[in-house]
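148 is the number of the first residue of the sequence shown in our numbering; add one for each residue after it.
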Amino acid sequence: MRGFSRHPVTVGTPPDTGNAFPVLTKAGFHISARRTAPYVGVYVDVVKNANHISAAGIAEAAGVTRAAVSQWRQRYPDFPAPGKNGQFDRDDMLAWLDTRRVRATSRTLTDPPDLTYGDRARQSLGVAAMPAGTGSRSLFDPFIDAVRDGAFGGVTAADGLYLLLCLTFLRRHAPADWEAIRHRAATGDDYAAEALPRLALAAVDRIVARPGTASETSASRFRPRSMRVVRHTIEFSGRLRSADMAVLHEIHAAHAGTTAKAHHTPAGVARTIARILDAGGEAGAVYYDPFARGGELLGALLQEAADPRSMTVLAESPYAPDLRLAGMRLHTFGSPLRLTAGHPGYGPGHALRGAASIVVANPPFNSSIRYEPPPGSGLPFPPPRSGNYAWVWHCLDALAPGGRAVVVMPYAAGFSPTRQDREMRRAMIEAGTVTAVVALPPNLFTGTTVGVSLWVLRSPDPDPAKITFVDASELGEKNSGTRRLTPQDRALITGAVAGATCRLSVVADLDTIRAHDYSLSPGEYIGAEPTPEDSHWPRRRLGDLCDIQVGAWFESLRRARTGKGPVGVLYPRHLTRNLDTADAPTIAESWADGLNRYRLRAGDVVCVRTGAMCGPILVPARLDGWIASTNLFRVRIRDTAVIDARYLVHHLSRPETRQRIRQRSKRSVTTSMNTATFNDLEIPLPSLSEQQRIVSTATEEAR
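The structure is reproduced here in structure tokens:
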């Protein structure tokens with residue numbers, strides 16, 4: 148049998164062995180007292196030891212009473228179990244304390260808001276925190292390599308990690324089931340190997356009360372090469388510790404997040420949502436997530452709760468593996484848990500209507516659900532293609548009076564210019580359901596660069612509240628190809644939503660929001676005050692003044708460029724101050740005749756549609772007849788007696804206008820403006836003579 152590494156080695160035991168800890172190698176496991184780096188022949192200690200600590204020592208190190216430690220043991224099922232000597236493994240204990248944030252009433256003035264009891268204990272004991280992703284992540288590399296090499300048949304790395312999560316969950320929360328599977332692996336032959344993954348998933352389902360069976364594809368795809376592979380995986384799961392579980396969840400999410408419906412919510416986003424809601428954990432509260440993914444949002448809420456066991460948690464998902472994953476994550480908190488399989492789609496008789504204290508959701512964008520507003524709700528029926536709003540309506544419908552919700556939404560949902568979407572936003576705002584909107588940085592999610600916003604909602608209120616708009620789109624730090632929210636970022640966002648004065652936020656009243664046509668884009672309000680020169684002029688939509696045309700499609704230009712000719716093609720790189728077109732490609736006139744709708748005329752205005760938002764240009768006579776490429780907008784004025792082309796270029800070049808365009812773009816790593824949104828851009832329109840005066844003054848100042 149080929150094993151768990153790509154290079155053959157002999158099974159060996161590194162020096163200083165004591166308490167066994169398995170490390171995967173080609174032929175199986177090394178047995179080591181210390182965790183080792185998965186590098187052939189080299190054993191690297193990774194800050195792990197066998198020290199123990201008593202309950203009294205825990206209390207002293209964490210700065211709490213012994214009674215508090217006793218309450219933790221009784222209240223939290225995932226509290227580490229003591230050894231035979233009555234003491235606790237110090238590293239397991241520190242890892243658990245890392246998950247418990249010190250409440251504000253117990254912090255000093257100099258303590259950071261994200262301080263955990265683990266931080267306190269490490270400082271007291273003189274133990275340095277292990278940097279995130281150092282050592283622990285590499286522990287799983289040989290296992291991932293083995294799965295990719297076919298140790299379990301044709302399953303993916305995400306599937307293998309999923310099985311490892313299930314086995315580790317059983318080891319911690321159902322040791323009898325884990326031992327039974329381990330015994331079958333030890334005594335069974337290779338022909339029985341395929342049954343054990345299904346047994347593991349079925350055991351998890353029984354514990355978390357997941358509806359259905361473990362017979363779905365995720366279990367049936369496993370085809371272990373031999374029972375030895377299964378035995379090694381079971382033994383590996385039995386020796387993973389508390390600190391490894393968080394890393395394992397992160398690695399699995401990174402490998403699984405390849406489609407919109409599989410993107411797990413990043414920990415930083417989940418914690419931000421939990422802090423915004425600041426639920427605290429009122430006894431009897433009902434937490435609900437209609438698209439639970441891996442349970443990240445509900446888990447973050449329960450982590451903030453004073454007593455998770457007093458909460459009721461409802462999680463739904465149409466995907467059985469995700470629902471099981473959520474069940475495993477949430478079971479550790481001891482809360483009454485109900486998992487529901489299927490896609491949300493409820494009419495007026497839905498049983499959950501008006502029952503949830505807190506609703507959180509990260510739904511798949513643009514994925515519709517069946518939804519009917521209750522009679523007399525005053526909410527319009529979401530149009531068939533407005534799947535995003537149907538999810539919002541469903542979350543609002545589930546809220547009890549006084550309940551609150553946070554829904555992850557795409558940027559564009561806040562300013563989509565279609566009539567139906569405007570009506571959806573108008574109804575929500577006038578019903579008093581929106582309290583805050585937070586624009587998050589792009590590239591937060593593994594496998595996608597799409598930017599998102601957080602919509603903070605409440606149950607309908609006859610007195611519409613002011614709305615806090617927070618633009619956090621420039622926050623975050625780079626983290627292995629994505630971005631992540633730091634503790635400082637999360638503190639800024641939650642403080643701004645709570646009302647703290649901040650450069651990132653502004654509070655808008657209902658009249659202001661109506662004047663912005665019910666936009667829920669923070670960029671519309673932050674730094675968007677009109678300058679003195681245009682505050683008193685009438686405003687017109689760009690689409691009412693000009694014809695806007697997207698440039699020629701890339702494929703059409705690629706075919707046309709097979710023949711050289713006299714007709715130039717303009718690309719975004721040419722929109723420089725000097726309009727340098729020396730490297731512009733050319734096409735034959737015969738090809739250009741088929742692209743006449745994309746031709747430029749002298750006096751047209753050209754703007755970048757996708758990519759870096761550089762300034763617009765006025766088309767000179769020498770570019771008359773050229774073709775605009777696909778990443779450009781051609782703007783052609785309908786009536787030159789109403790608006791001067793030079794004034795339009797001046798206005799579109801202003802920093803505040805360009806900032807507004809960036810904010811209204813469908814943003815990811817780059818910006819991309821669609822035609823409908825660009826048409827909807829408002830232009831202050833003074834008299835023609837005043838326009839000409841403004842351009843003349845700006846030209847003189849530029850000189």
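Where a beta carbon is used, it is the ideal one built from N, C-alpha and C, also for glycine.
Asked: Spatial neighbours of residue 267 in its chain, beta-carbon cut-off 6 angstroms, leaving aside the 5 residues before and after; Found: 209 and 210
Asked: Segment contact, 8 angstroms Cβ cut-off, at least three pairs: the segment 568-586 with the segment 602-617; Found: yes
Asked: Those residues which DSSP pairs with residue 556 across a bridge; Found: 600
Asked: Segment contact, 8 angstroms Cβ cut-off, at least three pairs: the segment 552-572 with the segment 627-643; Found: no
Asked: For residue 437 and residue 465, the rounded distance between their alpha carbons; Found: 10 angstroms
Asked: Secondary structure of residue 621, DSSP reduced to three states; Found: coil
Asked: Local Cβ density within 10 Å of residue 270, reported as buried at 16 or more and exposed below that; Found: exposed
Asked: First and last residue of the uninterrupted alpha helix (DSSP H) at residue 313; Found: 304-320
Asked: At least three beta-carbon pairs within less than 8 angstroms, the segment 433-451 to the segment 581-590; Found: no
Asked: Bridge-paired residues (DSSP) for residue 695; Found: 782
Asked: Within 8 angstroms, strictly: CB atoms of residue 667 and residue 651; Found: no
Asked: Residue 223, DSSP secondary structure in three states; Found: coil
Asked: Three-state secondary structure (DSSP) of residue 754; Found: strand
Asked: Separation of residue 319 from residue 807, as counted between CA atoms; Found: 52 angstroms
Asked: Residue 633 and residue 419 closer than 8 angstroms at C-beta; Found: no
Asked: Burial state of residue 344, where buried means 16 or more other Cβ atoms lie within 10 Å; Found: buried
Asked: Strand pairing of residue 652, partner residues [DSSP]; Found: 617
Asked: Beta-carbon gap between residue 555 and residue 509 smaller than 8 angstroms; Found: yes
Asked: Enclosing beta strand (DSSP E) for residue 249 [first to last residue]; Found: Counting along the chain, residue 249 falls outside any beta strand (DSSP E), and DSSP gives it neither H nor E.
Asked: Residue 410 burial status per 10 Å Cβ neighbour count (16 or more: buried); Found: buried
Asked: Runs of alpha helix (DSSP H) lying entirely within the segment 325-394, each at least 4 residues, in chain order; Found: 342-355, 364-367 and 374-385
Asked: Identity of the residues DSSP links to residue 715 by a beta bridge; Found: 733
Asked: Reduced DSSP category for residue 287 - H, G, I as helix; E, B as strand; rest coil; Found: helix
Asked: Sequence-distant residues of its chain with Cβ nearer than 6 angstroms to residue 750 (five each side left out); Found: 792
Asked: Three-state secondary structure assigned by DSSP to residue 831; Found: strand
Asked: Rounded separation between residue 372 and residue 314 - CA only; Found: 18 angstroms
Asked: Those residues which DSSP pairs with residue 464 across a bridge; Found: 488
Asked: Cα-Cα separation between residue 240 and residue 227, rounded to whole angstroms; Found: 6 angstroms
Asked: Collapsed DSSP secondary structure at residue 459 in the structure displayed; Found: strand
Asked: Length of the line joining the Cα atoms of residue 830 and residue 755; Found: 18 angstroms
Asked: Cβ neighbour criterion (16 or more within 10 Å) applied to residue 535; Found: buried
Asked: Backbone secondary structure at residue 439 - three-state DSSP; Found: coil
Asked: Beta strand (DSSP E) segment containing residue 508, residue limits; Found: 503-508
Asked: Member of 299, 602, 294 and 439 whose CA lies at the smallest distance from the CA of residue 488; Found: 439
Asked: CB contact flag (residue 247, residue 398, <8 angstroms); Found: no
Asked: Whether residue 486 touches residue 356 by CB criterion (8 angstroms); Found: yes
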